[in-house]
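Asks:
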Amino acid sequence: MRIPVARQGAPIIAVGLVLVILFGWLGSRIGLSLAGLFTVFAISFFRDPERVSPSGEGAILAPADGRVLLVEEQGKGPGAAAERTWKISIFMSVFNCHVNRIPLGGVVEGIDYRPGKFFAAHQDRASRQNEQNILRLKTDKGDPFTVVQIAGLIARRIVCWVRSGDRVGAGDRFGLIQFGSRVDLYLPLNSRITIKRGDRTKAGLTVVGYVS
Numbered sequence: 001m002r003i004p005v006a007r008q009g010a011p012i013i014a015v016g017l018v019l020v021i022l023f024g025w026l027g028s029r030i031g032l033s034l035a036g037l038f039t040v041f042a043i044s045f046f047r048d049p050e051r052v053s054p055s056g057e058g059a060i061l062a063p064a065d066g067r068v069l070l071v072e073e074q075g076k077g078p079g080a081a082a083e084r085t086w087k088i089s090i091f092m093s094v095f096n097c098h099v100n101r102i103p104l105g106g107v108v109e110g111i112d113y114r115p116g117k118f119f120a121a122h123q124d125r126a127s128r129q130n131e132q133n134i135l136r137l138k139t140d141k142g143d144p145f146t147v148v149q150i151a152g153l154i155a156r157r158i159v160c161w162v163r164s165g166d167r168v169g170a171g172d173r174f175g176l177i178q179f180g181s182r183v184d185l186y187l188p189l190n191s192r193i194t195i196k197r198g199d200r201t202k203a204g205l206t207v208v209g210y211v212s
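The sequence shown: position 86 = 86 (my numbering), numbered continuously.
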């Protein structure tokens, strides 16, 4: 049976449990309470529930849990093949599940890690200046799209589990970001977008649009 917690969280959760035992043994109520809160937060942050992604021809799934910051047509995004794209930005607070998922099935054509700043992830400049990991993908029909994992003010570690050349399915896990962060999605201009700014998303569950 799979434990619904990302493996990156195991050491942090273990530390929390050790502290709970230690403060319990010492009889420190304050220490026990703080250690308990820390452990609960760690389990919540690194939770990785099983999800059954909806099936549908051309359905584009949200790559992250969170709140939609931006939906707009814009110029060429990082790693994007087209000169004009749709950009969807999703902000993940520290209370969201931080496991990222693939929006569309296809092949990973390339991955580009870029060091950078650590501005608050909800700010527009975070897309341009923050540390980020860029995944360039192409669907089986040849439609290019890009997913960008962006570190935020608190997040200082981007984790990516896929490699260039990997074949991925819609809803597959591909990484996570620790702690509080953002994911930008760049789609072909002929995509039909079905979400708007302010909407809430669930990675691998929420349909954000459709490709033609």
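Yeah, the Cβ is synthetic: ideal placement off N, Cα and C, and Gly gets one too.
Shortest alpha-carbon distance to F118 belongs to which of R157, D143, L34, D140?
Replies: Position 118 of the sequence shown, counted from the start, is the residue given in the question as residue 118. Nearest C-alpha to F118: R157.
Asks: Looking at the strands, I want to know which residues DSSP matches up with N130.
Replies: Numbered from 1 along the sequence shown, position 130 holds the residue referred to as residue 130. According to DSSP, which records beta bridges pairwise, N130 is partnered with K117.
Asks: Taking the straight line between their C-alpha atoms, what separation do you get for Y113 and I88?
Replies: Taking the first residue of the sequence shown as 1, we reach residue 113 at position 113. Taking the first residue of the sequence shown as 1, we reach residue 88 at position 88. Each residue's alpha carbon lies about 20 Å from the other.
Asks: Ends of the beta strand (DSSP E) at S89?
Replies: Position 89 of the sequence shown, counting from 1, holds the residue named residue 89. 84-92 is the extent of the beta strand (DSSP E) around S89.
Asks: What residues in its chain sit with their C-beta under 8 Å from that of W161, if we drop five residues either side in the sequence?
Replies: Against the sequence shown, residue 161 aligns to sequence position 161. Correct list, in chain order: R173, F174, G175.
Asks: Residues in the same chain with beta-carbon distance under 8 Å from L137, minus the five sequence neighbours each way, listed in chain order, please.
Replies: Your numbering for residue 137 matches position 137 in the sequence shown. Only I102, L104, G106, V107, V108, E109, P144, F145, T146, V147, V168 meet the Cβ criterion.
Asks: According to DSSP, simplified to helix, strand and coil, what is L205?
Replies: Translated into positions along the sequence shown, residue 205 becomes position 205. Of the three classes helix, strand and coil, the one that applies to L205 here is coil, per DSSP.
Asks: Go ahead and pull the three-state DSSP assignment for A170.
Replies: Numbered from its first residue, the sequence shown carries residue 170 at position 170. DSSP places A170 in coil when its eight states are reduced to three.
Asks: Just to confirm my understanding: we take G204, look at its own chain, exclude 5 residues before and 5 after, and list those with CB closer than 6 Å. What are they?
Replies: In the sequence shown, residue 204 corresponds to position 204, counting from 1. R51, S53, L61, R101, G171.
Asks: Mapping DSSP to helix, strand and coil, what is I195?
Replies: The sequence position of residue 195 within the sequence shown is 195, counting from 1. Note: I195 maps to coil in three-state DSSP.
Asks: Please check the pair S181 and G152, which I expect to be a contact at CB under 8 Å, by giving their CB distance rounded to whole angstroms.
Replies: Here residue 181 refers to the residue found at position 181 of the sequence shown. Here residue 152 refers to the residue found at position 152 of the sequence shown. That pair is a contact at about 4 Å.
Asks: Can you say whether A10 is buried or exposed, counting buried as having 16 or more other CB atoms within 10 angstroms of its CB?
Replies: Position 10 of the sequence shown, counted from the first residue, corresponds to residue 10. Exposed.
Asks: Using C-beta distances below 8 Å, list every residue in its chain close to T139, excluding the 5 sequence neighbours before and after it, in chain order.
Replies: The residue you call residue 139 lines up with position 139 of the sequence shown. Result list for T139: L104, G105, G106, F145, V211, in chain order.
Asks: Might you give, ordered along the chain, the residues of its own chain that have their beta carbon closer than 8 Å to the beta carbon of I193, omitting 5 neighbours on each side?
Replies: By one-based count along the sequence shown, residue 193 stands at place 193. Here the set comprises V71, W86, I88, L187, V208, G209.
Asks: How close, in whole Å, do the beta carbons of F38 and G66 come, if the pair is a contact with beta carbons under 8 Å?
Replies: Here the question's residue 38 lines up with position 38 in the sequence shown. Here the question's residue 66 lines up with position 66 in the sequence shown. No, F38 and G66 are not in contact; Cβ-Cβ is about 23 Å, not under 8 Å.
Asks: Among A35, N130, D166, P49, which residue has its Cα nearest to the Cα of G116?
Replies: Position 116 of the sequence shown, counting from 1, holds the residue named residue 116. Closest by alpha carbon: N130.
Asks: Can you check which of these residues, G198, L135, S164, is closest to P63 by C-alpha distance?
Replies: One-based indexing of the sequence shown puts residue 63 at position 63. Cα-wise, what sits closest to P63 is L135.
Asks: G165: buried (16+ other C-beta within 10 angstroms of its C-beta) or exposed?
Replies: Within the sequence shown, numbered from 1, the residue matching residue 165 stands at position 165. Exposed, by the Cβ-count rule.
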